[in-house]
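In the working numbering, the protein residues as written are 5 to 150.
C-beta: ideal position from N, C-alpha, C; glycine also.
In what follows, a structure is listed as structure tokens, so that the remarks can point back to it.
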Amino acid sequence: MMKKGLTTLLFIFCMMSISFAGSSDLFQINDDKISDELSSLTLVEEYVNANQGVTYTDLKNSGNILSKILSPELSTPSGIGYAFESPLGIPSFIWGFCLGIPGIVIVYLVSDEDKDETKKALFGCLAGSLAYTACYVIYFVVYTQL
Numbered sequence: 005m006m007k008k009g010l011t012t013l014l015f016i017f018c019m020m021s022i023s024f025a026g027s028s029d030l031f032q033i034n035d036d037k038i039s040d041e042l043s044s045l046t047l048v049e050e051y052v053n054a055n056q057g058v059t060y061t062d063l064k065n066s067g068n069i070l071s072k073i074l075s076p077e078l079s080t081p082s083g084i085g086y087a088f089e090s091p092l093g094i095p096s097f098i099w100g101f102c103l104g105i106p107g108i109v110i111v112y113l114v115s116d117e118d119k120d121e122t123k124k125a126l127f128g129c130l131a132g133s134l135a136y137t138a139c140y141v142i143y144f145v146v147y148t149q150l
């Protein structure tokens, strides 16, 4: 009886996953959006080709607007700058979600005590704890009801 209920639950979960996965637009390529995102890099490329030997430091010291495009401190809507903000290139939320309290400590130490990154790791830890608790409750309900 327990195996039949668990098998039915697994089957329903698989069917729901398949039905939701088929309607996703996640992997659609939008050429116009890609061109818009890369247009600023085209400007930088043209400038560098026209001025051979120019470095980022030269660009930054001259006050050229192109230095702001290349600045890793700026966070862009596309998330290109995000890898520079997160510890070891992994988002702080994921550190907290996957590792819990040790993840918060790692983020705190690696990000030079950055409060925003530590807060993101704390929220990840809370979300991971809630997800774990929800899975445990579902597991407990399924096995005690069968």
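Cβ-based neighbour list, residue i, same chain, cut-off 6 Å, excluding 5 preceding and 5 following
i: Pro-106; result: none
i: Ser-115; result: Pro-91 and Glu-121
Residue i classed as buried or exposed, judged by whether at least 16 other C-beta atoms fall within 10 angstroms
i: Thr-137; result: exposed
i: Leu-92; result: exposed
i: Thr-122; result: buried
i: Phe-97; result: buried
i: Tyr-86; result: Only weak support is given to the placement of Tyr-86: the predicted model assigns it a pLDDT of 45, under 50, and the value that follows is read from those uncertain coordinates. By the 10 Å Cβ count, Tyr-86 comes out exposed.
i: Val-111; result: buried
i: Ser-90; result: buried
Neighbourhood of residue i by C-beta distance below 7 Å, restricted to the same chain and skipping five residues each side
i: Ala-135; result: none
i: Val-52; result: Val-58
Beta-carbon proximity of residue i to residue j, cut-off 7 Å
i: Ala-125; j: Gly-104; result: no
i: Ile-142; j: Cys-129; result: no
query = Mind pulling the alpha helix (DSSP H) runs of 4 or more residues that sit fully within the segment 108-142?
reply = none
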